[in-house]
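In the working numbering, the protein residues as written are 381 to 706.
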């Protein structure tokens with residue numbers, strides 16, 4: 381007589397649940413948040429952002445460029461916030477995103493703030509923290525019925541460029557009245573020009589490097605500011621770049637700076653936008669490859685729309701550009 385074959389009850393329940401309620405076993409929400417600042421590592425589990433504590437005020441602010449994705453089967457309403465020790469995060473309403481669409485680039489300006497880290501906490505001029513961004517998707521426009529939550533960690537790598545552990549191999553503060561080899565041109569153009577010296581907007585007195593760019597009219601234009609730099613052999617290397625952009629206004633019209641990008645060679649290392657904060661010094665800190673020589677480039681994209689007449693200029697300033705190695 382053949383013995384009956386018994387299937388464990390737990391297995392039967394699991395098979396039934398998978399057949400009748402497949403959504404129960406779904407672990408990944410159909411929404412996603414990626415950081416647009418460093419396009420080369422969008423899919424890395426933990427992307428890195430770099431900050432320099434040197435000469436910061438008592439409190440520092442963080443802005444992030446993100447893209448939110450909705451891969452659900454319905455339009456959802458999105459918010460984003462964050463959490464981390466010593467950080468205070470805003471909650472930003474991203475609005476509705478249709479099914480299988482994304483938010484496009486969104487700049488979370490002054491999204492987080494943190495007291496200035498104490499350099500005494502650094503080891504060898506460096507310190508690392510983890511922050512968490514939280515994307516929330518709601519079924520209703522009042523954001524009362526939460527459907528999905530997506531969390532993504534990021535690392536904040538602090539350096540202290542003034543720490544004796546670092547060696548300064550480039551310090552372009554322009555205080556000698558020279559542009560130190562910085563050039564400029566419209567993106568895609570072969571016509572190259574040099575930047576100028578200005579005392580109008582400075583981070584360290586008396587001078588900064590300056591270039592007024594004209595966006596034409598009714599269109600988007602990008603200008604590049606660049607210099608060939610050499611990074612000596614070392615274990616680590618960082619560039620610290622301070623940029624201020626200011627679109628001109630007249631008769632209710634305005635030239636709007638949209639994005640700022642930082643490249644080393646062909647590698648994009650940073651992106652902030654759209655709608656870059658104007659008339660404020662923005663600091664970019666990016667890792668460089670030791671033992672290389674290449675072009676360090678800042679690109680500013682602006683737009684101006686007018687039915688008649690020419691557009692207005694955008695004023696661009698650089699100051700205290702550093703390369704440090706250790």
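From the three backbone atoms N, C-alpha and C, an ideal C-beta is built for every residue, glycine too.
DSSP three-state assignment for residue i, whether helix, strand or coil
{"i": "residue 385", "result": "In this predicted model, residue 385 has a pLDDT of only 41, less than 50, meaning its place in the structure is not dependable; the value taken from the coordinates is given anyway. Residue state, collapsed to three classes: coil."}
{"i": "residue 564", "result": "strand"}
{"i": "residue 408", "result": "coil"}
{"i": "residue 570", "result": "coil"}
{"i": "residue 602", "result": "strand"}
{"i": "residue 483", "result": "coil"}
{"i": "residue 489", "result": "strand"}
{"i": "residue 544", "result": "coil"}
{"i": "residue 658", "result": "coil"}
{"i": "residue 508", "result": "strand"}
{"i": "residue 497", "result": "coil"}
{"i": "residue 557", "result": "coil"}
{"i": "residue 451", "result": "coil"}
{"i": "residue 528", "result": "strand"}
{"i": "residue 466", "result": "coil"}
{"i": "residue 433", "result": "coil"}
{"i": "residue 736", "result": "With the chain represented from 381 up to 706, any question about residue 736 goes unanswered, as that position is not in the structure."}
Test item: CB-CB of residue i and residue j under 9 Å
{"i": "residue 474", "j": "residue 445", "result": "no"}
{"i": "residue 644", "j": "residue 669", "result": "yes"}
{"i": "residue 667", "j": "residue 616", "result": "yes"}
{"i": "residue 482", "j": "residue 505", "result": "no"}
{"i": "residue 635", "j": "residue 692", "result": "yes"}
{"i": "residue 567", "j": "residue 679", "result": "yes"}
{"i": "residue 665", "j": "residue 432", "result": "yes"}
{"i": "residue 573", "j": "residue 614", "result": "no"}
{"i": "residue 586", "j": "residue 560", "result": "no"}
{"i": "residue 603", "j": "residue 565", "result": "yes"}
Whole-angstrom distance between residue j and residue i, CA atom to CA atom
{"i": "residue 427", "j": "residue 531", "result": "13 Å"}
{"i": "residue 577", "j": "residue 571", "result": "20 Å"}
{"i": "residue 495", "j": "residue 622", "result": "20 Å"}
{"i": "residue 553", "j": "residue 702", "result": "8 Å"}
{"i": "residue 550", "j": "residue 631", "result": "42 Å"}
{"i": "residue 619", "j": "residue 674", "result": "13 Å"}
{"i": "residue 599", "j": "residue 705", "result": "40 Å"}
{"i": "residue 397", "j": "residue 408", "result": "Legend: pLDDT at residue 397 = 36, less than 50; position of this residue unreliable, no value from coordinates given."}
{"i": "residue 653", "j": "residue 557", "result": "31 Å"}
{"i": "residue 699", "j": "residue 442", "result": "20 Å"}
{"i": "residue 456", "j": "residue 470", "result": "20 Å"}
{"i": "residue 460", "j": "residue 468", "result": "13 Å"}
{"i": "residue 694", "j": "residue 683", "result": "10 Å"}
{"i": "residue 387", "j": "residue 533", "result": "Residue placement at residue 387 is poorly supported in this model, since its pLDDT is 35, which falls under 50; the coordinates still yield a value, given next. Distance between the alpha carbons of residue 387 and residue 533: 42 Å."}
{"i": "residue 548", "j": "residue 590", "result": "23 Å"}
{"i": "residue 535", "j": "residue 497", "result": "15 Å"}
Span of the beta strand (DSSP E) around residue i
{"i": "residue 643", "result": "636 to 644"}
{"i": "residue 651", "result": "647 to 652"}
{"i": "residue 583", "result": "Note, residue 583: premise wrong, no beta strand (DSSP E); not H, not E."}
{"i": "residue 683", "result": "672 to 684"}
{"i": "residue 426", "result": "Element bounds for residue 426: n/a, residue is neither H nor E."}
{"i": "residue 627", "result": "617 to 627"}
{"i": "residue 472", "result": "472 to 477"}
{"i": "residue 576", "result": "576 to 578"}
{"i": "residue 696", "result": "694 to 705"}
{"i": "residue 589", "result": "588 to 593"}
Check: residue i C-beta below 8 Å from any heavy atom of the ligand MG
{"i": "residue 439", "result": "Annotation note on the ligand MG: not contained in the displayed structure, which lists no ligands."}
Chain B within 9 Å of residue i, Cβ atoms only
{"i": "residue 623", "result": "Absence of chain B from the displayed structure is noted, only one protein chain being present."}
ask   = Does the count of Cβ pairs from the region 409 to 416 and the region 446 to 453 closer than 8 Å reach three?
value = Touching, yes, given that three or more Cβ pairs across the two stretches are closer than 8 Å.
message = Does the region 658 to 665 come into contact with the region 609 to 626, if we say contact requires no fewer than three beta-carbon pairs (one atom in each stretch) closer than 8 Å?
response = Result yes; three or more Cβ-Cβ pairs closer than 8 Å.
ask   = Counting Cβ pairs, one atom from each stretch, are 3 or more of them under 8 Å apart for the region 495 to 513 and the region 459 to 468?
value = Yes: the two stretches touch, three or more of their Cβ pairs being nearer than 8 Å.
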